[in-house]
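To start, the structure under review is shown below, and the notes come after it.
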Amino acid sequence: MKTYYMFGDSLMRGVMPDEAWNYHSSDAIGFEKMQAQYNMKFVNYAMPTFTSERVKMWLTQVMSSHPVPDVAFLECGGNDCDYNWKSICEGRCDYEHRHRVAPQDFKKNYEDMIHLLQEKGAAVTAVIAPPIAIEVYLSYLLKSGVDKDIMSEYVNSVQQMQDEYAEYDDIMRDTAKENGCEILSLRESFLALGDMKAYYSKDGIHPNEAGYALIRGDFEKYFASAAGII
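Numbered by full-length UniProt numbering, the letters in the sequence shown go through residues 1 to 230 in order.
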């Protein structure tokens, strides 16, 4: 029986907000059912809110004290690319340092994690997260108290933010290829929709049930292939 470790952020935990804006983990991706269906063992170490810096610290701790898995899923980047809105609104962050983790630092963190896992003997599968619903997210930020004038100083257009999130995804993809990792991309299923808003929670970041169903389909194809079913 193959063992899979899952490292990442809220996406891998199936996190969604409820009507009161409380965030809850779920098995919306369906990992519990899939591990039984494909006779595999999944251990989910994903941690909501984590950037690549914190994922790397956590991964290092886990791998120093737990058995080596056959495969490790490595998903992050959404929290890294996100703007540091608290510091921006407090006037403590200039445009150049707007991201919570800069692209070059994100690349180094991601590559460090790949190397650590490979040196331990684990195969690595890079999980490329879906895009976020930028317009919904910006609306959510304004409702959350981000000043519109301050936002306009940092966000020139929806396209700008789409391009920046895609840049972090490309960093993951390129780094994974450079280091011989398998890649499981969740982006294409969402981009094929055209209008993605109906597949996201009201914050524009976390998928809703319909969005997680798309992700579940991508993982099912991956595991069916790994099990030799397709």
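Every residue, glycine too, gets a C-beta built ideally from N, C-alpha and C. Since the structure is predicted, the reported quantities are computational estimates derived from the model, not experimental observations.
Runs of the beta strand (DSSP E) lying entirely within the region 158-199, each at least 3 residues long, are 182-185 in chain order. Non-local beta-carbon contacts of residue 123 in its own chain, meaning distances under 6 angstroms to residues more than five positions away in sequence, involve 71 in chain order.
In the DSSP secondary-structure assignment, residue 16 is bridged to 24. In the DSSP annotation of this structure, the continuous segment of the beta strand (DSSP E) that includes residue 44 starts and ends at 41-44. Scanning 9, 131, 37, 184 for the CA closest to the CA of residue 165 turns up 131. The bridge partners DSSP lists for residue 83 are 99. Closest by C-alpha distance to residue 115, out of 147, 63, 220, is 63. Residue 126 is bridged by DSSP to 74, 183. Scanning 223, 91, 201, 138 for the CA closest to the CA of residue 20 turns up 201. Contact check for residue 51 and residue 10: beta-carbon distance about 12 angstroms, past the 8 angstroms limit, so the pair fails to qualify. Cβ contact annotation for residue 23 (same chain, cutoff 6 angstroms, sequence separation greater than five): 15, 17, in chain order. When secondary structure is reduced to three states using DSSP, residue 4 falls in the strand class. About 6 angstroms separates the Cβ atoms of residue 154 and residue 83, confirming a contact at the 8 angstroms cut-off.
Ranked by Cα distance from residue 227, the first of 34, 28, 29 is 34.
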